[in-house]
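Chemist:
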Amino acid sequence: MEQANVDTILEQVRNALAVGDWNQAVALVEALRPPDQADVFGELPPTEQDQLLPRLDLEDSADILEELEEEEAAEVAARLKAEELAQILDEMEPDEAADLLGDIAPDRAAEVLAEMEEPDEVRPLLIHADESAGGLMTSARLTLHGEMTAGQAIAHLRTVAPETEDVYYLFVVDAEIRLVGVVSLRQLIVVPPATRVREIMDADVIHVRSDTDQEEAARLMARYDLLALPVVDGERHLLGLITHDDLVEVLEEEATEDIYRLGGVPEEQPPDVAIPAALRTRLPWLMVNMVTALISGLVLSLFKITIARVAALTVFFPFVAGVCGSAATQALTVTVRGLATGELSPRDGLRTMGRELAISLADGVVIGGLVALIALMLGEQPMMGVVVGLAILLNMLSAGIAGALVPMGMQVLRVDPALASPILVTTLTDTCGYLFYLGLATLSLEMLL
Numbered sequence: 217m218e219q220a221n222v223d224t225i226l227e228q229v230r231n232a233l234a235v236g237d238w239n240q241a242v243a244l245v246e247a248l249r250p251p252d253q254a255d256v257f258g259e260l261p262p263t264e265q266d267q268l269l270p271r272l273d274l275e276d277s278a279d280i281l282e283e284l285e286e287e288e289a290a291e292v293a294a295r296l297k298a299e300e301l302a303q304i305l306d307e308m309e310p311d312e313a314a315d316l317l318g319d320i321a322p323d324r325a326a327e328v329l330a331e332m333e334e335p336d337e338v339r340p341l342l343i344h345a346d347e348s349a350g351g352l353m354t355s356a357r358l359t360l361h362g363e364m365t366a367g368q369a370i371a372h373l374r375t376v377a378p379e380t381e382d383v384y385y386l387f388v389v390d391a392e393i394r395l396v397g398v399v400s401l402r403q404l405i406v407v408p409p410a411t412r413v414r415e416i417m418d419a420d421v422i423h424v425r426s427d428t429d430q431e432e433a434a435r436l437m438a439r440y441d442l443l444a445l446p447v448v449d450g451e452r453h454l455l456g457l458i459t460h461d462d463l464v465e466v467l468e469e470e471a472t473e474d475i476y477r478l479g480g481v482p483e484e485q486p487p488d489v490a491i492p493a494a495l496r497t498r499l500p501w502l503m504v505n506m507v508t509a510l511i512s513g514l515v516l517s518l519f520k521i522t523i524a525r526v527a528a529l530t531v532f533f534p535f536v537a538g539v540c541g542s543a544a545t546q547a548l549t550v551t552v553r554g555l556a557t558g559e560l561s562p563r564d565g566l567r568t569m570g571r572e573l574a575i576s577l578a579d580g581v582v583i584g585g586l587v588a589l590i591a592l593m594l595g596e597q598p599m600m601g602v603v604v605g606l607a608i609l610l611n612m613l614s615a616g617i618a619g620a621l622v623p624m625g626m627q628v629l630r631v632d633p634a635l636a637s638p639i640l641v642t643t644l645t646d647t648c649g650y651l652f653y654l655g656l657a658t659l660s661l662e663m664l665l
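Basically this note's numbering = 1-based index in the sequence shown + 216.
1) To the nearest angstrom, report how far apart residue 302 and residue 313 are at their CA atoms.
2) For the putative contact between residue 599 and residue 664, defined by C-beta atoms under 8 angstroms, what is the C-beta separation to the nearest angstrom?
3) My assumption, with CB atoms under 8 angstroms, is that residue 560 sits in contact with residue 568. Please give the rounded CB distance.
4) List the whole-angstrom C-beta distance separating residue 290 from residue 268, where the pair is believed to meet the contact cut-off of C-beta under 8 angstroms.
5) Near residue 388, what residues of its chain come up, given a Cβ to Cβ distance below 8 angstroms and the 5 sequence neighbours on each side ignored?
6) Smallest Cα separation from residue 282: which of 262, 530, 307, 264?
7) Would residue 310 pass as a contact of residue 263 if the rule is Cβ separation under 8 angstroms?
8) Which two residues bound the contiguous alpha helix (DSSP H) that contains residue 313?
9) Identify, in the order they occur along the chain, each residue of the same chain with its Cβ nearer than 8 angstroms to the Cβ of residue 651, setting aside the five sequence neighbours on each side.
10) If you reduce the DSSP assignment to three classes, tell me which class residue 376 lands in.
11) Hey, residue 426 and residue 461: beta-carbon distance below 8 angstroms or not?
12) Cα-Cα, which of 519, 536, 455, 265 is closest to residue 339?
13) Looking at the unbroken beta strand (DSSP E) that takes in residue 398, where does it start and where does it end?
14) Within the chosen definition, does the stretch 516-527 reach the stretch 572-591 through at least 3 CB pairs nearer than 8 angstroms?
15) Could you please give the first and the last residue of the uninterrupted alpha helix (DSSP H) stretch that includes residue 598?
16) Are the CB atoms of residue 331 and residue 299 within a distance shorter than 8 angstroms?
17) Check whether the stretch 434-451 and the stretch 401-411 are in contact - that is, three or more C-beta pairs closer than 8 angstroms.
18) Considering just the uninterrupted stretch of the beta strand (DSSP E) at residue 458, what are its terminal residues?
19) Check whether the stretch 548-559 and the stretch 525-535 touch, using three or more Cβ-Cβ pairs below 8 angstroms as the test.
20) Output needed for residue 348: all residues of its chain with C-beta closer than 8 angstroms, excluding positions within five of it in sequence on either side, in chain order.
21) Can you tell me where the alpha helix (DSSP H) holding residue 577 begins and where it ends?
22) Could you tell me the boundaries of the beta strand (DSSP E) in which residue 446 lies?
23) Taking all protein chains shown into account, do 16 or more other C-beta atoms lie within 10 angstroms of the C-beta of residue 538, making it buried, or fewer, making it exposed?
24) Compare the beta carbon distance of residue 639 and residue 504 with 8 angstroms and say whether it is the shorter of the two.
25) Around the Cβ of residue 292, are there at least 16 other Cβ atoms within 10 angstroms (buried) or fewer (exposed)?
26) Taking the CB atoms as reference points, tell me whether residue 320 and residue 345 lie closer together than 8 angstroms.
27) Kindly indicate which three-state DSSP category residue 386 falls into: helix, strand or coil?
28) I'd like the ranges of any alpha helix (DSSP H) spanning at least 4 consecutive residues and lying wholly in the stretch 254-324.
29) Write down every uninterrupted run of the alpha helix (DSSP H) in the stretch 489-565 whose length is 4 residues or greater and which is fully enclosed by it, in chain order.
30) Quick check: residue 646 and residue 612, are their CB atoms within less than 8 angstroms of each other?
31) Can you name, in chain order, every residue of its own chain whose Cβ lies under 7 angstroms from the Cβ of residue 610, other than the five neighbours on each side?
32) Going by DSSP, what residues sit across from residue 428 in a beta bridge?
33) Which same chain residues, not among the five before or five after residue 623, have their C-beta less than 7 angstroms away from its C-beta?
34) Counting only the same chain and skipping the five closest in sequence on each side, list residues whose C-beta sits under 7 angstroms from that of residue 270.
35) Considering only the alpha carbon of each residue, which of 649, 619, 602 lies closest to residue 661?
36) I'd like the list of long-range same chain contacts for residue 466, defined as Cβ closer than 8 angstroms, with 5 residues on each side in sequence excluded.
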């Protein structure tokens, strides 16, 4: 639904609530798709949310809590009565219910679990870390055994399928629930009904352990174009499945996290985040940046005499530092993205640096030559053009090295490259740029006067 239509429905819901017409408000919300329901619900004040949610159909209430942002859903859940929240959680997918319970107070979560009709599917999921494969998976409700015939498997599927949406692949387990194979629904349909499942299953099943990072699991699903990925423990017991919708959520979450961190914001923040909360996450990194900027300032202070004698040098600072800084950001972005997607690893450091050096050399020749030409057009001494052009070329090379190797080094040190690298790369590029530029100017001082 277009945003204009959602806004219209929101206004109609508000008008209905203003006159106490709860039936109309419920009808308007239930007619929407889940993402639109969550948008409308999220715009209502907490008092109206608390009164509206219990009046909705349980399936719609579950959809809304699944679609809301994690913090907002946790706030809504914390205000509901335990029995009301338990009824809604029974309608949610087990992994979504576990995620929500993990976001509220432990004693409150235990109280709600005690009220649920089907807590056994949710409780095992709570023991895994949020950003692990175990924390991402949902229960494997449908499994087959190797000695089943295709006919028996289809009959079993007819019985269980209405309760699950995860009929992409059918995973085969042994008597101890260890993962032993996978078979597609198409295979079961086309073979004779008496065919044993073990005869048509693929025993080479791509899987992950429960402690695998969710980003690695998502990367594996994307690489092999999987709709479902089984999660096992150390002894290969099948614990659950990661489905394609979870993959989309993880990729979006990880991409968003990288974008924020490249901007020096450690945590995801909505546009309307409270100012004190925004300051708590942003200001510390600005302070770190300020400290690193002192290094550039110290380099400049070493050349005060040169700057005082040739004031025209200041005209070209933006070219030497700014343009080369942009080149470093380009190299940094490509490298961080490669590390995030698994296309690059620290072992590729030299190869990556070589490639970025080649690009930086070409950039430096072109940009350095153009800026040298600009210096001549501005009427500066020919030597000024040589100094500026050569400084840009050298700093372009340092930008390529820094943009490639700094994030690689951060990865080796187990520090998030997206968060730590931008400040270090900026400092290195600025410092090297000033050092090259003013150092060359000092050596050529007599020719610049």
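Just so you know, even glycine gets a beta-carbon here, dropped at the ideal spot from N, CA and C.
Modeler: According to the structure data:
1) Counted from its first residue, the sequence shown places residue 302 at position 86. Counted from its first residue, the sequence shown places residue 313 at position 97. Rounded to whole angstroms, residue 302 to residue 313 spans 9 angstroms at the Cα level.
2) For this step, residue 599 is matched to residue 383 along the sequence shown. For this step, residue 664 is matched to residue 448 along the sequence shown. The beta carbons of residue 599 and residue 664 sit about 5 angstroms from each other, so the pair counts as a contact at 8 angstroms.
3) One-based indexing of the sequence shown puts residue 560 at position 344. One-based indexing of the sequence shown puts residue 568 at position 352. Confirmed, about 6 angstroms.
4) Counting from 1 along the sequence shown, the entry for residue 290 is found at position 74. Counting from 1 along the sequence shown, the entry for residue 268 is found at position 52. Contact between residue 290 and residue 268 does not hold, since their C-beta atoms are separated by about 18 angstroms, which reaches or exceeds 8 angstroms.
5) Position 172 of the sequence shown, counting from 1, holds the residue named residue 388. The residues 359, 360, 361, 362, 395, 396, 397, 398, 399, 413, 414, 417, in chain order, have a CB closer than 8 angstroms to that of residue 388 in the same chain once the five nearest residues on each side in sequence are set aside.
6) Position 66 of the sequence shown, counting from 1, holds the residue named residue 282. Considering only alpha carbons, the answer is 307.
7) The residue given as residue 310 occupies position 94 in the sequence shown. The residue given as residue 263 occupies position 47 in the sequence shown. Not in contact: residue 310 and residue 263 (Cβ atoms no closer than 8 angstroms).
8) Here residue 313 refers to the residue found at position 97 when the sequence shown is read from its first residue. Boundaries of the alpha helix (DSSP H) harbouring residue 313: 310-318, taken from the DSSP string.
9) The sequence position of residue 651 within the sequence shown is 435, counting from 1. Hits under 8 angstroms: 515.
10) Here residue 376 corresponds to residue number 160 of the sequence shown, with the count starting at 1. Annotated three-state conformation of residue 376 is helix, per DSSP.
11) What you label residue 426 is simply residue 210 of the sequence shown in a count that begins at 1. What you label residue 461 is simply residue 245 of the sequence shown in a count that begins at 1. Between residue 426 and residue 461, the gap from beta carbon to beta carbon reaches 8 angstroms or more.
12) The sequence position of residue 339 within the sequence shown is 123, counting from 1. Nearest of 519, 536, 455, 265 to residue 339, Cα basis: 455.
13) One-based indexing of the sequence shown puts residue 398 at position 182. Where residue 398 is concerned, the enclosing beta strand (DSSP E) starts and stops at 395-400.
14) Output reads no: the stretch 572-591 does not touch the stretch 516-527.
15) Looking up residue 598 in the sequence shown gives position 382. For residue 598, the enclosing alpha helix (DSSP H) begins and ends at 598-628.
16) Along the sequence shown, read from residue 1 onward, the residue named residue 299 stands at position 83. Along the sequence shown, read from residue 1 onward, the residue named residue 331 stands at position 115. Yes.
17) With the cut-off at 8 angstroms, the stretch 434-451 and the stretch 401-411 do not touch.
18) Within the sequence shown, numbered from 1, the residue matching residue 458 stands at position 242. That run of the beta strand (DSSP E) goes 454-459.
19) Judged by Cβ distances under 8 angstroms, the stretch 548-559 makes no contact with the stretch 525-535, as fewer than three pairs qualify.
20) Residue mapping note: residue 348 aligns to position 132 of the sequence shown, counting from 1. Once the five neighbours on either side are set aside, the close Cβ partners of residue 348 are 426, 427, 428, 429, 430.
21) For the purposes of this step, residue 577 is taken as residue 361 along the sequence shown, with counting starting at 1. Residues 565-593.
22) Here residue 446 refers to the residue found at position 230 when the sequence shown is read from its first residue. Judged by DSSP secondary structure, residue 446 falls within the beta strand (DSSP E) whose first and last residues are 444-448.
23) Here residue 538 refers to the residue found at position 322 when the sequence shown is read from its first residue. Looking at its Cβ environment, which holds fewer than 16 other Cβ atoms inside 10 Å, residue 538 is exposed.
24) As a position in the sequence shown, residue 639 is number 423, starting the count at 1. As a position in the sequence shown, residue 504 is number 288, starting the count at 1. Against a cut-off of 8 angstroms, the Cβ pair of residue 504 and residue 639 comes out as a contact.
25) Stepping through the sequence shown from its first residue, residue 292 is reached at position 76. If you draw a 10 Å sphere on the C-beta of residue 292, you find 16 or more other C-beta atoms in it, and that means buried.
26) As a working note, residue 320 is residue 104 in the sequence shown. As a working note, residue 345 is residue 129 in the sequence shown. Contact: no.
27) Locating residue 386 in the sequence shown gives position 170, where the first residue counts as 1. Strand, per DSSP.
28) The DSSP assignment places complete alpha helix (DSSP H) segments of no fewer than 4 residues inside the stretch 254-324 at 262-268, 274-283, 286-295, 298-307, 310-318, in order along the chain.
29) Restricting attention to alpha helix (DSSP H) runs no shorter than 4 residues, the stretch 489-565 encloses them at 491-517, 520-525, 540-557, ordered along the chain.
30) Start at 1 with the first residue of the sequence shown, and residue 646 comes out as number 430. Start at 1 with the first residue of the sequence shown, and residue 612 comes out as number 396. The answer is no: Cβ separation not under 8 angstroms.
31) Position 394 of the sequence shown holds residue 610. For residue 610, the CB contacts under 7 angstroms within the same chain, skipping 5 residues up- and downstream, are 652 in chain order.
32) Residue numbering aside, residue 428 sits at position 212 when the sequence shown is read from its first letter. According to DSSP, residue 428 bridges with nothing at all.
33) Within the sequence shown, residue 623 is the residue found at index 407, counting from 1. The beta carbon of residue 623 lies closer than 7 angstroms to those of 548, 551, 552, 555, 633, 637 in the same chain, with the five residues before and after it left out.
34) The residue labelled residue 270 in the question sits at position 54 within the sequence shown. So the list reads 300, once near-sequence residues are dropped.
35) As a working mapping, residue 661 is identified with position 445 in the sequence shown. For the set 649, 619, 602, the Cα lying nearest the Cα of residue 661 is the one of 602.
36) Here residue 466 refers to the residue found at position 250 of the sequence shown. Residues of the same chain with a CB within less than 8 angstroms of the CB of residue 466, apart from the 5 flanking positions on each side, are 352, 430, 431, 433, 434 in chain order.
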